[in-house]
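Note sheet for the following structure.
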């Protein structure tokens, strides 16, 4: 009986929802039960091997999980190759849309957020950026109902390195405004285009594989600031690279 009680105790998850108002470190698995904010000027550090679970809350019954993770301060997700940090659904049979996703809004006077060896799974819209800048290193973003990453605006340079974006219900990555550096990434098997680079974007990318997406692999829309080297755009259902009128990439 003692052994059974100890096992049950060890599997209890700490629940959280609301505002993180002071610098905090998560060292054990946690379950998010409602919208969560990292407040301005605050750093949340997540240690290797931690899994962050999201309950499927759908109060308006529109089929989209209501729980969002909103970053106004700084997120440091410190996964390792052998001990990843994972953000995922808490459902027994996880599905895209089980939770909302990340909404990054850190202002210019904030600090860089960094996600290393981190997986983001089963969100509605996995990662939306409209703020300072984020660095992704060795991450995987998969099983989103809508997109993988949308960069609406990045004030400083956002870096996406050795990161996989796959199995999204819509597009993989859309960059609308700002400076972005990509290296060694895979954008694969998304149910829309792989990568779209809009106007007012400076993109430098190297060693990308954009493959098996349901549409164009790469769309370049009217920007002269796109430099892509040593990359492959193969097996997409439409064009490997589609250059819109007026674009002049390198």
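In this note's numbering, the protein residues as written are 691 to 940. Don't be surprised by glycine CBs; every beta carbon is placed ideally from N, CA and C. Values in this document were obtained by computation on a predicted structure and should not be read as measured data.
Taking 8 Å as the threshold (C-beta atoms), are residue j and residue i in contact?
| i | j | result |
| --- | --- | --- |
| residue 804 | residue 772 | no |
| residue 796 | residue 838 | no |
| residue 877 | residue 851 | no |
| residue 724 | residue 747 | yes |
| residue 906 | residue 932 | yes |
| residue 859 | residue 885 | no |
| residue 834 | residue 818 | no |
| residue 868 | residue 909 | no |
Grouping DSSP H, G and I as helix and E and B as strand, with all else coil, what is residue i?
| i | result |
| --- | --- |
| residue 807 | coil |
| residue 699 | Note on residue 699: pLDDT 41, under 50, position unreliable in the model; no value is reported. |
| residue 793 | strand |
| residue 751 | coil |
| residue 815 | coil |
| residue 873 | strand |
| residue 786 | coil |
| residue 705 | strand |
| residue 771 | coil |
| residue 729 | coil |
| residue 863 | strand |
| residue 724 | strand |
| residue 922 | strand |
| residue 898 | coil |
For residue i and residue j, what's the separation of their Cα atoms in angstroms?
| i | j | result |
| --- | --- | --- |
| residue 827 | residue 752 | 33 Å |
| residue 831 | residue 712 | 28 Å |
| residue 765 | residue 875 | 21 Å |
| residue 801 | residue 822 | 7 Å |
| residue 925 | residue 898 | 14 Å |
| residue 715 | residue 707 | 15 Å |
| residue 719 | residue 808 | 14 Å |
| residue 705 | residue 789 | 15 Å |
| residue 871 | residue 726 | 29 Å |
| residue 846 | residue 929 | 31 Å |
| residue 703 | residue 734 | 18 Å |
| residue 731 | residue 794 | 14 Å |
Pull the bridge partners of residue i from the DSSP assignment, please.
| i | result |
| --- | --- |
| residue 868 | 844 and 891 |
| residue 916 | 893 |
| residue 856 | 832 and 878 |
| residue 821 | 844 |
| residue 758 | 791 |
| residue 779 | 744 |
| residue 714 | 734 |
With a threshold of 7 Å (Cβ to nearest heavy atom), would residue i be considered close to the ligand FMN?
| i | result |
| --- | --- |
| residue 852 | The model depicted lacks the ligand FMN and carries no ligand whatsoever. |
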